Structures are given as structure tokens and as C-alpha cells.
């Protein structure tokens, strides 16, 4: 028998979490509490060292040192602003002066919105719109006929993208009542949306099964096999 | 109570039991299923396969252990293939545990019999730059200078002392980028910054939950290929010729999916036959 305490603890906690499938019980609650506690502790330590120390302190300290020992003003002093903003954020913990935290929060929201606006506009907006403008048929050939883009299926695929995009947009247009042609288009849009959600659901099922396979693989091929070897 | 009424009132624990058995039984058989390779996987592998020896491949491991069952198989295959074909790997992570997952893939590749006679040297053939906090802003900084984002590697070596990084200043010195992603930051951020701003050639391996979000990028040519979940990993294993766990587990996944589909069909048929759908419609009216 190959005894590894880490594997046994992992197996104990895995089975504890899985026991919830039968019904809620103390074993599950213990496993869940350990998981939450460990996660909180891990992230606290990780954020402290990876952000506060490496991003703020490591940059600010040399600048402060240069200022007070040699009287030099260096670019690293700008991190003082970030540090002060960080402290202002913590003012939320004091209800009387909690309003101070809105200032750094406003900066974060504004800066993030500005930066992400460009990213999403280009990658998720302009390029995607451009990609929906696809030719249904190719240019007039030398022989005079109009040929599909590359083959019939490709042309149909492009037509489907056009119909799906148009009807999907119509469905989300609420300024006009969904009646007549407009209502019909919205209904088609609903079908496209349902197919999209179905595909997403299928992928989600696949993902969850894969995670379960991972845990079962651990239980069977690492833990149980380890007991008998 | 008729059969269909019983089906509608079935205790969900029976469904859990069936799903569990549908995974466990095929797993114990260890049968490898024959897989077809989808165009998404083929597109990625074509680019990866055509990289000449010595090409610099940037791999970003943006996931942690909970997503390893889906992403580790494809990462293992990609790392092993790179070592076998003399591609130079520059590894990094936007998730704290990502570079540690990379170490697992590296160790598995180095321990494999196919690489027994191959000398793979750290710092010359591959480097692990470790984790850097800052999400998409790390990618942004790498666009101007990698060294600004990673002053040292995971072992504490200075950037300028690592031979593989000698002529690597920014993305223009990278031939191909491979991103293994389980969420934020991940493929979306790599596409938005590295691909659309710096013209990086990017292939992505995503968890299945995230894959539908990445498909529009594939259709628009922002990604050269996409590996979705364990199935994508299995296909990539087959494409690279390194069949391993993902390929073996495909049978379990197929059976589990069949069980889920069966229960969906039974539930809907029961719903229709017992007239509950009709009575609900009437109630709504």
C-alpha cells in the first residue's frame, strides 16, 4: 500500500463534496468550509505578495529611499498616488468617511471603461460586424454566370450568418411592436437564440462531465489504485 | 400514477447515479475511441505543425487546477510536440497557478519515452517566466517589451541572462502564441490585445464552458484554431500523435452525454404525454 497523506486528504474532501449529491450533511459542510477558508487564505497571500508588495512596495521603496537619502525625485514616486488611492479605497471600512472610497472607485471605473471600450469596439464590435458582411455569391465570372463564394455550403453558411444576425438584432429591437413582418423576423431571431443557448448548454454539460471525469480519475486511478499497490 | 408521471417525479439522485455509472464503467474499460478531427483543431494543428524548428512559441497558461481535467491534456500534448520538433518555448501565466500547471506538462514531456534521447535544456529550449499580475495590461506591456512585464523567470534568472530570450524584445519576435484559458484573463484578452493590436498568430485551448465565447474570434480569423474542452484536447492528442488521457476518457464522456440526452428526451416526452405543457399554457391564458 502506497500511503500518501495528501492523496488521502484530497480523496476525503472530494468524497465529502460529492456526498452533497445524496443530501446535505456535515461531511459536505466541513469540506465546503475547508475549501472556502483555504481559498480565502490563498488569495489573500497571493494578492499581498503579487500585487501589494511586488507592484507597489518594490517600486515605491527605492523612490522614497532616493528622495530621503539623496534628495532625488524619481518616477517611482508616482506610485505614491496609487498607494494613497488604495488607502482611500479602504475608507469603506469606516462608515463615517466611507464616501472617500468613491473617488478611487470612480477612477478605476472610468479608466477601465475607457480602456475596455477600445478593446471591445475593435475586437468584439468592428471586426465581428465586418465578418458578418460576407458575399453570398461570388463576382460575375468571365463566362457571365454568378458562382457561389467557394461552394454551395459556404454560400448557405454565409446566408445563415446574415439571416441570424439580422433577425437576432430585430428580436432585441423593442421600440417597435413585434407584429407582422417585424414580428416574424423576431420569431426567427428567437430560434437562432435558442439554438445558440442550446449549443452553450451542450458545451456546459461537456465541461461539467470533464471535471467529474477528472475527479473520478483521481479517485480510481490515484487513490484506490494507490491503496492496492 | 402512470409511468410517465413517475418519470416526471423521478428522484434526481437516480440521474446522478446513472451519470456516475456512465462515466465510471467506460473509464474502467480503458477503451480508446476513434476520433475525427474537427476543422477548429485541424486549423490550429496545421499552423503548429508548419512552424520550422527553432521557432519561438509563446505559451500562456491561464488556468488553475480545477480546470486541469479539460486543459492539461492539450497542454501536455502541445509541450511534448514542441520539444519533439525543436520549437523554443516561452512559457508564462496570467493566472497565479498557470506556470505551475506548465511545470507539470514539462515534467511529463521530459519523462516520456519519446524524449528519452533528446536533450532539452532549460533556458535554451524553454523558459518559464512565471506569473505576472495585471491581467490584460501584462499583454499590453509585452507588446512594447517583454522585459518590462517579466524582469525575471520563475527560477529567479534575470531576463537578459536567459539565452532563449536573447533576441526576444516583444511580440514581433514570436512566431506563434498558444493560450490555454479557463476564463478571465484569457483568450478574450489575448485576442483583444495581442492579436488585434500586435498581429500575433494565436491558437487557443479553452474550457468547454468558455469555448462558445471564443467561436466568433475563430470565424473572424482572429484565432487560427480552437480546442474546446476535453474533446478538443483529445483531438489535439490524436493530431499530435500523443494519445493520452483525454482520448481514453472520450468513451466516458460519450456515454455520459448519451445518458443526459436520454433523460432530456424522456423528460420532454413525459411532459407532453401527461399534458402538463398544455395545462400550463391554458393557465397562462
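Residue numbers (this note's numbering), protein chains in the order written: chain U, 27 to 255; chain V, 1322 to 1606.
Every residue gets a Cβ at the ideal spot worked out from N, C-alpha and C, and that includes glycine.
Predicted model, so just to flag it, every value in this text is computed and none were measured.
Can you name the start and end residues of the alpha helix (DSSP H) that residue 1364(V) belongs to? Per DSSP, residue 1364(V) is one residue of the alpha helix (DSSP H) stretching across 1360 to 1370.
Between the Cα of residue 101(U) and the Cα atoms of 88(U), 95(U), 41(U), 113(U), which residue gives the shortest distance? 88(U)
With 8 angstroms set as the bound, which would you pick, yes or no: does the beta-carbon of residue 1406(V) sit closer than that to a beta-carbon of chain U? no
Check whether the Cβ atoms of residue 1344(V) and residue 1595(V) sit closer than 8 angstroms, and answer yes or no. no
Between which two residues does the beta strand (DSSP E) containing residue 1377(V) stretch? 1377 to 1383
Which residue marks the beginning of the beta strand (DSSP E) containing residue 1523(V), and which one marks its end? 1523 to 1527
Which of the residues in the stretch 1540 to 1574 of chain V, read from start to end, lie with their CB under 9 angstroms from any CB of chain U? Here the close residues are 1540, 1541, 1542, 1543, 1549, 1550, 1551, 1552, 1554, 1566, 1567, 1570, 1573, 1574.
Please work out which residues of its chain come closer than 8 angstroms, Cβ to Cβ, to residue 1589(V), disregarding the five sequence neighbours upstream and downstream, and give them in chain order. none
Determine the DSSP secondary structure at residue 27(U), reduced to helix, strand or coil. coil
Can you name the residues of chain V whose CB is closer than 7 angstroms to the CB of residue 72(U)? Going along chain V in sequence order, the residues near residue 72(U) (Cβ under 7 angstroms) are 1417.
Three-state secondary structure assigned by DSSP to residue 1451(V): strand
Closer than 8 angstroms, CB to CB, is residue 134(U) near chain V or not? Interface flag for residue 134(U) against chain V is unset, since no Cβ pair is found closer than 8 angstroms.
First and last residue of the uninterrupted alpha helix (DSSP H) at residue 240(U): 206 to 243
Given a threshold of 16 other Cβ atoms within 10 Å of its Cβ, counted over all protein chains shown, does residue 166(U) qualify as buried or as exposed? Interpretation of residue 166(U) is limited by its pLDDT of 47, a score under 50 that renders its predicted location unreliable; the figure taken from the coordinates is listed afterwards. When all chains shown are included, residue 166(U) counts as exposed.
Cβ of residue 172(U) within 8 angstroms of any chain V Cβ: Interpretation of residue 172(U) is limited by its pLDDT of 49, a score under 50 that renders its predicted location unreliable; no figure is taken from the coordinates.
Collapsed DSSP secondary structure at residue 1278(V) in the structure displayed: One cannot answer for residue 1278(V) here, as it falls past the ends of chain V, which runs 1322 to 1606.
Given this structure, state the Cα-to-Cα distance separating residue 172(U) from residue 184(U), to the nearest angstrom. Low local confidence applies: a pLDDT of 49 at residue 172(U) is under 50, so the model's placement there is unreliable, and no value is given.
Leaving out five residues on either side along the sequence, give the residues of the same chain with a beta carbon under 8 angstroms from the beta carbon of residue 1405(V). So the qualifying residues of the chain are 1435, 1436, 1439.
Grouping DSSP H, G and I as helix and E and B as strand, with all else coil, what is residue 1518(V)? Here residue 1518(V) sits in helix by DSSP.
If we cut at 8 angstroms on Cβ distances, does residue 1362(V) have a partner in chain U? The beta-carbon of residue 1362(V) is placed no less than 8 angstroms from the nearest beta-carbon of chain U.
Where DSSP assigns a beta bridge to residue 1443(V), which residues make up the other side? Residue 1443(V) is bridged by DSSP to 1447(V).
In three-state DSSP terms, what is residue 1331(V)? coil
From 194(U), 38(U), 148(U), residue whose alpha carbon lies closest to that of residue 210(U): 194(U)
Give a yes or no on whether 8 angstroms exceeds the smallest Cβ distance from residue 65(U) to chain V. no
Neighbourhood of residue 1500(V) by C-beta distance below 6 angstroms, restricted to the same chain and skipping five residues each side: 1381, 1508, 1511, 1525
Interface residues of chain V around residue 240(U) at Cβ under 7 angstroms? 1389, 1390
Going by beta carbon distance, what residues of the same chain come within less than 7 angstroms of residue 111(U), once the five residues before and after it are set aside? 130, 133
Quick one, which of 1529(V), 1523(V), 1369(V), 1442(V) has its alpha-carbon nearest residue 229(U)'s? 1529(V)
Listing by chain order, which chain U residues have their CB less than 8 angstroms from the CB of residue 1514(V)? 145
Rounded C-alpha distance that separates residue 1582(V) from residue 1516(V): Rounded to whole angstroms, residue 1582(V) and residue 1516(V) show a C-alpha spacing of 38 angstroms.
With 7 angstroms as the limit, tell me which residues of the stretch 1322 to 1347 of chain V have their beta carbon closer than that to any beta carbon of chain U; keep them in chain order. Of all residues in the stretch 1322 to 1347 of chain V, the ones placed with a Cβ closer than 7 angstroms to any Cβ belonging to chain U are 1334, 1337, 1344, 1345, in chain order.
Using a C-beta to C-beta distance shorter than 8 angstroms, which residues of chain V count as neighbours of residue 202(U)? The premise fails here: residue 202(U) is roughly 24 angstroms from chain V at the closest Cβ pair, so nothing lies under 8 angstroms.
How far does the beta strand (DSSP E) with residue 1413(V) in it reach, from first residue to last? 1409 to 1414
Three-state secondary structure (DSSP) at residue 1534(V)? helix
CB contact below 8 angstroms: residue 1535(V) versus chain U: no
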